[in-house]
Amino acid sequence: MHYGKGSPVFHESFFDIQLIEKQQNKMKKPSILILVFLSVLLSSCSDRMGKDWSRLGTATAEKDIPVKEMKRMRYRMPEGVISADIVNQNGRLHLLTGTQEEGQKTLWYRFSDDHGQSWSSPVKVLADDNLPANMNRGKDAQIAAQGNTVVVTWMKFTEDRRFNVGPMLAARSTDGGKTWVYTDAPPSWNKGPHGYTDLIADDHAFHAVWLDSRLGNSKVMASQALHYAKSTDGGKHWQPDQTLDGLTCSCCWNSLKTDMNGNTYVLYRDKKPSDLSLGLVDSNARWEYLSHVGAFDWQFEGCPHIGGGLDIQLDGTKQRFHAVAGTGHPDYLGVHYLSSEDRGRTWSRAKQLGDDSAIHADVAAHDDGRVVAVWDMMGDYGLAVFKAESGNQGRSWSQPEQLSGKGMRASHPRIVKTGTGFLALWTQSDGQTQTLSMQRL
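Letter by letter, the sequence shown follows residues 87 to 527 of the numbering used here.
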C-alpha cells in the first residue's frame, strides 16, 4: 500500500479497460458509452463469468472488436486488492480492504489516528484465509464504527446461486478491531441475495441500506428494491427492516450520510428514469423521498453499475449538500457535480467534471468551504483517477488533476475528509496485480 502526497493508486481490471483505451480515438459518444458500460459490467460482475480471458490480450489499435465479440470474452477477478471502504469516525479513519490471492479471499482491517499518514498493522477479519465473500470494486465490503465497536458487511459467495451471490454476512468487533466474530446481518429477510450495501454509524445507531428482490419480479428489467435497517445496540441486533423504494436499479452502489438532526440520507440509483435519487429516514424511521439528484431523465433498461457520492457541509446552522452523479444520457454523458441549499429538495445546475468518459466518482466537503471531487476517466493508459477542488463551496472549480500514477490503470476512487484536509484512495493495476494507493490532499 502506498501513502503520502503524490503516491499513486491502484485499479481493478486491466484488459477490459484496455479495450476501451485502444479504440477511444475512433469512437463517437454512443460507442464510448457502450464500451464504458461493458467495462464496468465485466469488472463488476466478475464472479458471474468464466476464466478464459486470453482473447482480451489480442486487442490492437488497428483492429476494432465488435460488441458481439466482446460479449463472449471472459473476465477473471484480479489478484490483490479487490474491495475497499473507508470511514472517518471522530477523527479515526477505519479502512476495510478485501484481497484475493490464488482464489482465496480475505478481509483486512486497519485504522489511522493521524489523518492517514500512518496505519495500524492489518488485522484479518474473522481470522479467515478464505472468506465466503462475493466482492469487487463497485460492490465492496462495507465498514462503520461507533467508539470501539466496528461492524463490517459483505455479500456471501454461494456456489449454487445465480451470479454466485448469497445473503449478506456481517462481522463485529468490540475492541477496536483487534478481534472479530460473526454477528447478525441487517436484513430480516435472510434468504437473499442481498447486494450493494452501504453502512454508516452516528452517535445513536448503525444504519444500513441494500438491494434485494424479496418483492418478486417487477417486470422492469434490471430492477430490485431498496431496503433499510438500523441497530441501536452496536450492530449486535437489527430492528426489522423496511422497504424504502420498491423499484430501483438492480446493481448500483448506494451511499448513506447522517446529519446532526438524526436524519439518514440515502443516495441511490432509481428506475424510470435511471437517475440518482435522494431520500431520508428520520429519527422515527419514517421515509421521505426528496428529489432526483440531477434530472437527466436517463431511460436505461440495464444496470450501469455506477452509484454516486454525497457529503454534508455545515455553514453555521445551515446544511449544504454536495453530490456527484454519473449518467449515461447521451446529452449529459459523464460525471456531474451538484449542490443543494435546502437539504436535498432542489439542486443546482449540474456541472460536468472531466470529460464524457468519466464513470465512478465521490465527493467530500469541509465546513470551511473546501470541496474535493474525485473520479475516474480515460487517461493515457486507460482509466485514471482525477480530482478537482473548489474553495468556495462548489461555486467554481479547479482544472482536473490526475492523481493515479503513469502506466497504471486506476478506478473507483473514494475520498474522506480528515482533520487536516482529505484522503483519497483508489485501486490500480499494472496488468498483473491490483493494489491500493492513497493520497492526502
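For glycine and all other residues, C-beta sits at the position ideal for the given N, C-alpha and C.
- prompt: Quick one: Cα of Pro-499 to Cα of His-391, how far?
  reply: By one-based count along the sequence shown, residue 499 stands at place 413. By one-based count along the sequence shown, residue 391 stands at place 305. One C-alpha to the other measures close to 14 Å.
message: For a test of the three-state rule: what should DSSP assign to Phe-407, helix, strand or coil?
response: Your numbering for residue 407 matches position 321 in the sequence shown. Phe-407: strand per DSSP, three-state reduction.
message: Quick check: the stretch 295-312 against the stretch 347-355, are at least 3 beta-carbon pairs closer than 8 Å?
response: yes
query: Excluding the five sequence neighbours on either side, which residues of its own chain have a C-beta within less than 6 Å of the C-beta of Gly-278, listed in chain order?
result: What you label residue 278 is simply residue 192 of the sequence shown in a count that begins at 1. Only Gly-252, Pro-253 meet the Cβ criterion.
field: Residue nearest to Ala-308 in terms of C-alpha spacing, selected from Ser-317, Lys-316, Leu-297
entry: On the sequence shown, residue 308 is found 222 positions in, with the first residue counted as 1. For Ala-308, the nearest C-alpha among the options comes from Leu-297.
- request: Check whether the Cβ atoms of Leu-333 and Ser-304 lie closer than 8 Å to each other.
  value: To locate residue 333, count along the sequence shown from 1; it is residue 247. To locate residue 304, count along the sequence shown from 1; it is residue 218. Yes. Within cutoff.
field: Rounded Cβ spacing between Gly-393 and Trp-339 (contact assumed at less than 8 Å)
entry: Numbered from 1 along the sequence shown, position 307 holds the residue referred to as residue 393. Numbered from 1 along the sequence shown, position 253 holds the residue referred to as residue 339. The pair is a contact, with the Cβ atoms about 4 Å apart (cut-off 8 Å).
query: What do you get for His-408, buried or exposed, if any count of 16 or more other CB atoms within 10 angstroms of its CB means buried?
result: Along the sequence shown, one-based indexing puts residue 408 at 322. Label assigned to His-408: buried.
Sufficient close CB pairs (3 or more, under 8 Å) joining the stretch 416-423 to the stretch 356-371: no
Contacting residues, own chain, Cβ-Cβ under 6 Å from Arg-178 (five flanking each side not counted): To locate residue 178, count along the sequence shown from 1; it is residue 92. Closer than 6 Å at the Cβ level, and outside the excluded window around Arg-178, lie Phe-197, Asp-199.
message: Is the separation between the beta-carbon of Val-458 and that of Leu-439 shorter than 8 Å?
response: Within the sequence shown, the letter at position 372 stands for residue 458. Within the sequence shown, the letter at position 353 stands for residue 439. No, the Cβ-Cβ distance between Val-458 and Leu-439 is not below 8 Å.
- prompt: When DSSP labels each residue in this structure, what does Val-379 get in the three-state scheme?
  reply: Here residue 379 corresponds to residue number 293 of the sequence shown, with the count starting at 1. In this structure, Val-379 counts as coil in the three-state DSSP scheme.
query: Looking at C-alpha atoms only, which residue of Ala-291, Ser-207, Pro-272 is the closest neighbour of Lys-264?
result: Your numbering for residue 264 matches position 178 in the sequence shown. If we check each option's Cα against that of Lys-264, Ser-207 comes out closest.
query: Where do the ends of the beta strand (DSSP E) carrying Met-221 lie?
result: Within the sequence shown, the letter at position 135 stands for residue 221. Per DSSP, Met-221 belongs to no beta strand (DSSP E) and is neither H nor E.
query: Helix or strand or just coil, what does DSSP make of Asn-250?
result: Within the sequence shown, residue 250 is the residue found at index 164, counting from 1. Note: Asn-250 maps to helix in three-state DSSP.
message: Residues in the same chain with beta-carbon distance under 6 Å from Val-460, minus the five sequence neighbours each way, listed in chain order, please.
response: Translated into the one-based positions of the sequence shown, residue 460 becomes position 374. Correct list, in chain order: Asp-448, Lys-473, Pro-499, Ile-501, Ala-510.
message: Less than 8 Å between the beta carbons of Asp-583 and Ala-256, yes or no?
response: Here the chain comprises residues numbered 87 to 527, so residue 583 is not present and cannot be evaluated.
- request: Report buried or exposed for Ser-259, applying the criterion of at least 16 other Cβ atoms within 10 angstroms of its Cβ.
  value: The sequence position of residue 259 within the sequence shown is 173, counting from 1. That one is buried.
field: Assumed close pair Val-167, Gln-518 - CB separation to whole angstroms, cut-off 8 Å
entry: The sequence position of residue 167 within the sequence shown is 81, counting from 1. The sequence position of residue 518 within the sequence shown is 432, counting from 1. Between Gln-518 and Val-167 the Cβ distance is about 13 Å, and since that is not below 8 Å, they are no contact.
Residues of its chain near Phe-508, where Cβ-Cβ distance is below 6 Å and the 5 sequence neighbours each way are ignored: Counted from its first residue, the sequence shown places residue 508 at position 422. Answer for Phe-508: Ala-450, Val-458, Ile-501, Leu-527, listed in chain order.
- request: Check whether the stretch 316-333 touches the stretch 282-295, counting contact only when three or more Cβ pairs, one atom from each stretch, lie closer than 8 Å.
  value: yes
With 16 other Cβ atoms within 10 Å as the buried cut-off, status of Leu-342: Here residue 342 is taken as the residue at index 256 of the sequence shown, counted from 1. Leu-342 is buried by the Cβ-count criterion.
query: Measuring CB to CB, does Trp-240 end up less than 8 Å from Ala-213?
result: Within the sequence shown, the letter at position 154 stands for residue 240. Within the sequence shown, the letter at position 127 stands for residue 213. Cβ atoms of Trp-240 and Ala-213: not closer than 8 Å.
task: Under 8 Å Cβ to Cβ from Ser-425, same chain only, skipping five residues before and after it: list those, please.
output: Along the sequence shown, read from residue 1 onward, the residue named residue 425 stands at position 339. The residues are Arg-406, Phe-407, His-408, Ala-409, Trp-433, Ser-434, Gln-479, Gly-480.
query: Could you check where the beta strand (DSSP E) with Cys-335 kicks off and where it finishes?
result: Reading the sequence shown from its first residue, position 249 is the one you call residue 335. Its beta strand (DSSP E) spans residues 328-335.
Among Ile-172, Asp-171, Lys-191, nearest to Pro-164 - alpha-carbon criterion: In the sequence shown, the residue the question calls residue 164 occupies position 78. If we check each option's Cα against that of Pro-164, Lys-191 comes out closest.
message: Please give the ranges of any beta strand (DSSP E) in the stretch 430-460, keeping only runs that are unbroken, at least 3 residues long and fully inside the region.
response: 437-439, 447-451
task: Take Phe-382 as the anchor and find which of Leu-182, Ile-398, Leu-400, Gly-414 has the nearest alpha-carbon.
output: By 1-based counting over the sequence shown, the position of residue 382 is 296. It is Gly-414 whose Cα lies nearest to the Cα of Phe-382.
task: Take Ala-371 as the anchor and find which of Phe-243, Gly-321, Asp-226, Asp-327 has the nearest alpha-carbon.
output: Taking the sequence shown and counting its residues from 1, one reaches residue 371 at position 285. Cα-wise, what sits closest to Ala-371 is Asp-327.
- prompt: Do you know offhand how far His-290's Cα is from Pro-416's?
  reply: Start at 1 with the first residue of the sequence shown, and residue 290 comes out as number 204. Start at 1 with the first residue of the sequence shown, and residue 416 comes out as number 330. Using only the alpha carbons, I get a separation of about 43 Å.
field: DSSP bridge partner residues for Asn-174 (one or two, in chain order)
entry: As a first step, residue 174 must be located in the sequence shown, where it is residue number 88. According to DSSP, which records beta bridges pairwise, Asn-174 is partnered with Leu-179.
query: On the three-state DSSP scale, how would you describe Ala-147?
result: Residue numbering aside, residue 147 sits at position 61 when the sequence shown is read from its first letter. Reliability fails at Ala-147, whose pLDDT of 30 lies under 50, so the model's placement of it is uncertain and the value that follows must be treated cautiously. Of the three classes helix, strand and coil, the one that applies to Ala-147 here is coil, per DSSP.
task: Name the two residues that bound the continuous beta strand (DSSP E) containing Ile-392.
output: Taking the sequence shown and counting its residues from 1, one reaches residue 392 at position 306. First-last for Ile-392: undefined, no H or E at that position.
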